[in-house]
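Enquirer: Protein sequences, first through last, are from chains A and B.
The first sequence maps to residues 3 to 346 in our numbering.
The second sequence maps to residues 39 to 429 in our numbering.
The structure is given below, and queries will be raised subsequently.
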Amino acid sequence: MNLKKLKAAAAVVATVGTLIAAPAQAGKTLDAVKAHGQVVCGVHTGLAGFSAADSAGKWAGLDVDICRAVAAAVLGNSEKVKYVPLTAQQRLTALQSGEIDLLSRNTTFTLTRDASLGLNDTVVTYYDGQGFIVPKRSKITSAKQLKNQTVCVQSGTTTEKNLTDYSKANNLNIKTVVFEKEEAATAAYFAGRCISYTTDASGLASIRNKVAPVPADHLILPELVSKEPLGPMVRRGDDEWFAIVKWVIYGLIEAEEYGITQAQVDQLKASSQNPAVKRILGSGDDTGKLLGLDKDWMSNALKATGNYGEIFERNVGPKSALGLPRGLNNQWNKGGLMYAYPLR
Amino acid sequence: MSLKSAPKKKRWSWRSQAFRGLIYQIVAIGVIVLGVWFLASNTLTNMRVRGIQSGFDFLNQPAGFSIGESLFPFDSAESYWRAFWVGLANTLRVAVVGIILATLLGTVIGIGRFSRNALVRGLCSTYVECFRNIPVLLQLLMWYLLLTEMLPSIQNAWQAGPFFLSKGGFNYPIPIWQAGHAWALAGLVIGIALAWLYHGWARRQFEATGIIKSMFWVPLGVVLASALLAWLLGGAPSALDSPVKGEFSVENGGALTPEFLAMLLGLTIYTASFISEVVRSGIASVSRGQTEAAAALGLDPGLEIRLIVLPQALRVIIPPLTNQYLNLTKNSSLAVAIGYPDLISIANTAMNQTGRAVECIAIVMAVYLTISLLTSLLMNSYNKRVAIQER
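Laid out in structure tokens, this is it:
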């Protein structure tokens, strides 16, 4: 009797063991995405302009548009995205463990992340820098005036380290209060627990415009204390998928360079004689085949989200609620850093 | 020796219960070892396949981040090891103080539920039912919100003498360390030794004559007087490091941050509601006949509690009380929600800076396991001491 039970238990253990044992196969993300008919995309839990869900549960933002463009290029439908909202803590592990196919969540590219965490940085979608926000009544106008002050910060970001470096370099002895959730950190700042809150300047603009009770009461200090190249990451070990995400983003950037807008995609596809435009839109060489995608991959993506410039203007640009200047994120030939590798 | 001895059992037979037991145990251990080995090797293989670096070598690297509050000075150039120590010290700080306060508050409330005064009884029951039934995370967030939203800003801090209370926390003066304080400390130690001697003497006196000596005021007086005398001998140092209000912060002196205060309040009040129930059950377990007998012998209520009720109640109280202490310590890991830099908070940051998630989680689990085992070891040995020796 006992022996039987034991045998049964051993059998169960063995079966469960073999089930867990199968290690995730590398290089299969595209197949998995096609089989499931959806791209699983890790996004921010709520950062207006980059990724936030509206009252109807529809996601919007610059980071979200990257997910949509990838889904449109791969599956021909920008709605086939499963959004997984992640905290700063969870995001890298979620990608490592295979829970998501793509992490598009204002994540900074760093050496540590690229080289030692089993991740691949794709293409920068937003050049940012870390800044500070203070209440106007504090009369602080420069980050150098933060000596001995308390600053709220979210944990699990490059922000904490930058803050410490800046504090040390300028001998400021800044005290930190570290929160797990961005919401808790900003709530503590608005409650007056800290004299300042620090994160990427784009994030500060988002918070000032969307979270602050009275946006005009808060000032974003002029100093940027770090370089924060933000962009999507993929899991290491799947070069095909890495290439797809990379080239969709390059395609969006290059489309802006050649003036291909969302509204004109079909028209230009039929009429344009420019070889570069024809290649992007799939009416010339079949660039999609090289990536394992349809010929129309890029025109599908552009029809869904528009080119990079349109994505920027719609979500975070000067006319949007965030009102961020184009700055470094302009095209390379207009004084910015957006320089796409050529699609050919 | 009887002629008809029982048939000899073969030791190495499947029919022998001892042998079967041994086999089962070996198999069970084998399965556990295999399971652990499998999980570990599977994790390592998968991490290697995905190019995730692993190992504990990162602990010696400089941490690179600063910590808002710590018991001992910490610089961002120091190693991750040190950072973990700071986090552990912060966890223990809130846990130890919380345990002491929760025990005191819980005992008072627990005894209050036996009060002859209906109002006291009702208040105590209301307290228990309220705080026991609200999740502790919500309570922590509530206290933190109260402290950061309701308190005045630092410019308008409430001031009482050298004490300040504001959004920046609670600031108080601390004595500046001088040689005289070492004298006072030595006096305190001598006082405790004297009180211990007095305790033994009073006990022998009681056993010899039956006269009860003061067991509280006299020892307390001895300890305090001895410390005071030594302090005076040491030159009565009284220099204080008092907090000074600046424009945006209160400098100098000692400080309790709102994060620490919210943690302490939340954990204490939550756990005290459970401890009061533990105390109540302990007292209720002592049969009424015992107290009636004590009254019949002419013991006053204080002695009745100390000599009759408490010794019998403690053996019921201690084991579940240990559970509450463990719960409080483990609940302190919720600190990360309100920005208190405890062990989890430090581990989270380290995890994100280095990407060594498995290693950091392993360290945290090992630390909590060690704290919990030490706590229960301590409480179990105390329990053995107070348990009634059955004769």
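Yeah, the Cβ is synthetic: ideal placement off N, Cα and C, and Gly gets one too.
Everything numeric in this text was worked out from a predicted model, so none of it was measured.
When DSSP builds the beta bridges, which residues end up paired with residue 291 of chain A?
Expert: Paired residue(s): none; residue 291 of chain A is not in a bridge.
Enquirer: If we cut at 8 Å on Cβ distances, does residue 287 of chain B have a partner in chain A?
Expert: yes
Enquirer: Residue 150 of chain A CB to nearest chain B CB: under 8 Å?
Expert: Cβ-Cβ to chain B under 8 Å: yes for residue 150 of chain A.
Enquirer: Within 10 Å of its beta-carbon, does residue 404 of chain B have 16 or more other beta-carbons around it, so buried, or fewer, so exposed?
Expert: exposed
Enquirer: Confirm, please, whether the CB-CB distance from residue 122 of chain A to residue 41 of chain A is below 8 Å.
Expert: no
Enquirer: Out of B/327, B/202, B/276, B/136, which has the shortest C-alpha to C-alpha gap to residue 217 of chain B?
Expert: B/276
Enquirer: Please list, in chain order, all residues of the same chain as residue 159 of chain A whose beta carbon is under 6 Å from its beta carbon, the five residues on each side excluded.
Expert: 90
Enquirer: In terms of alpha-carbon separation, which member of B/333, B/175, B/202, B/319 lies closest to residue 291 of chain B?
Expert: B/202
Enquirer: Counting only beta-carbon separations shorter than 8 Å, does residue 197 of chain B have a partner in chain A?
Expert: no
Enquirer: For the pair the segment 88 to 95 of chain B and the segment 59 to 72 of chain B, tell me if three or more CB-CB distances fall below 8 Å.
Expert: Too few Cβ pairs lie closer than 8 Å, so no.
Enquirer: Tell me, please, whether the CB atom of residue 49 of chain A is closer than 8 Å to any CB atom in chain B?
Expert: no
Enquirer: With a cut-off of 8 Å on the beta carbons, I'd call residue 195 of chain A and residue 296 of chain B a contact; round off their distance for me.
Expert: 6 Å
Enquirer: Helix, strand or coil: how does DSSP classify residue 199 of chain B here?
Expert: coil
Enquirer: Using a Cβ-Cβ cutoff of less than 7 Å, which residues in the same chain neighbour residue 271 of chain A once the five nearest sequence positions on both sides are dropped?
Expert: The residues are 283, 285, 301.
Enquirer: Quick check: the segment 253 to 260 of chain A against the segment 306 to 314 of chain A, are there 3 or more CB pairs under 8 Å?
Expert: The segment 253 to 260 of chain A, when compared against the segment 306 to 314 of chain A, does touch it at the 8 Å Cβ threshold.
Enquirer: Applying the criterion that 16 or more other CB atoms from any shown protein chain within 10 Å of the CB defines a buried residue, is residue 301 of chain B buried or exposed?
Expert: Residue 301 of chain B should be labelled buried.
Enquirer: Mind checking who residue 130 of chain A pairs with in its DSSP beta bridge?
Expert: Looking at the DSSP assignment, residue 130 of chain A forms a beta bridge with A/230.
Enquirer: Does the structure place the segment 301 to 314 of chain B close enough to the segment 327 to 344 of chain B that three or more beta carbon pairs sit under 8 Å?
Expert: Flag = no, the segment 327 to 344 of chain B and the segment 301 to 314 of chain B do not touch.
Enquirer: For residue 46 of chain A, count the other beta carbons within 10 Å of its own beta carbon; 16 or more makes it buried, fewer makes it exposed. Which is it?
Expert: buried
Enquirer: Of all the CB atoms in chain A, is at least one closer than 8 Å to the CB of residue 132 of chain B?
Expert: For residue 132 of chain B, the answer is no, since every Cβ of chain A falls outside 8 Å of its Cβ.
Enquirer: Excluding five sequence neighbours on each side, which residues of the same chain lie with their C-beta closer than 7 Å to the C-beta of residue 96 of chain B?
Expert: Excluding positions up to five away in sequence, the list reads 118, 392, 394.
Enquirer: Out of A/303, A/244, A/181, state which residue places its alpha-carbon closest to the alpha-carbon of residue 264 of chain A.
Expert: Relative to the Cα of residue 264 of chain A, the nearest Cα in the group A/303, A/244, A/181 belongs to A/303.
Enquirer: Residue 198 of chain A: buried (16+ other C-beta within 10 angstroms of its C-beta) or exposed?
Expert: buried
Enquirer: Look at the alpha carbon of residue 1 of chain A and the alpha carbon of residue 254 of chain B, and state the distance between them as a whole number of angstroms.
Expert: Because chain A here runs from 3 to 346, residue 1 of chain A falls outside it and cannot be looked at.
Enquirer: Name, in chain order, the residues that DSSP records as bridge partners for residue 336 of chain A.
Expert: The partner list for residue 336 of chain A (beta bridge, DSSP) is empty, contrary to what the question assumes.
Enquirer: Just to confirm the assignment, what range does the beta strand (DSSP E) spanning residue 327 of chain A have?
Expert: Here residue 327 of chain A belongs to no beta strand (DSSP E), and DSSP marks it neither H nor E.
Enquirer: When you compare only the Cα positions, how much space is there between residue 98 of chain B and residue 412 of chain B?
Expert: 27 Å
Enquirer: Name the residue from A/191, A/200, A/251 whose alpha carbon lies nearest to the alpha carbon of residue 104 of chain A.
Expert: Comparing C-alpha distances from residue 104 of chain A to each of A/191, A/200, A/251 shows the shortest one belongs to A/251.
Enquirer: Assuming residue 127 of chain A contacts residue 176 of chain A under a Cβ cut-off of 8 Å, what Cβ separation, rounded to an integer in Å, is found between them?
Expert: Contact flag wrong, Cβ pair sits at about 30 Å.
Enquirer: Quick check: is the beta carbon of residue 17 of chain A nearer than 8 Å to any beta carbon in chain B?
Expert: Low per-residue confidence applies at residue 17 of chain A: pLDDT is 43, beneath 50, and the placement is therefore not dependable enough to give any value.
Enquirer: Beta carbons nearer than 7 Å to chain B: which residues of the segment 176 to 194 of chain A have them?
Expert: Sequence-ordered contacts of the segment 176 to 194 of chain A with chain B read 177, 178, 179, 180, 181, 182, 186, 190, 193, 194 [C-beta pairs closer than 7 Å].
Enquirer: If you draw a straight line from the alpha carbon of residue 190 of chain A to that of residue 154 of chain A, how long is it in whole angstroms?
Expert: 7 Å
Enquirer: For residue 122 of chain B, which of B/140, B/232, B/103 has the nearest alpha-carbon?
Expert: Looking only at B/140, B/232, B/103, the smallest Cα-Cα distance to residue 122 of chain B is reached by B/103.
Enquirer: In three-state terms, what does DSSP make of residue 420 of chain B?
Expert: Under the three-state reduction of DSSP output, residue 420 of chain B falls in the helix class.
Enquirer: Can you list, in chain order, the residues of the segment 198 to 228 of chain A whose Cβ is nearer than 7 Å to any Cβ on chain B?
Expert: none
Enquirer: So does the segment 222 to 234 of chain B actually touch the segment 307 to 324 of chain B, counting three or more Cβ pairs closer than 8 Å?
Expert: no
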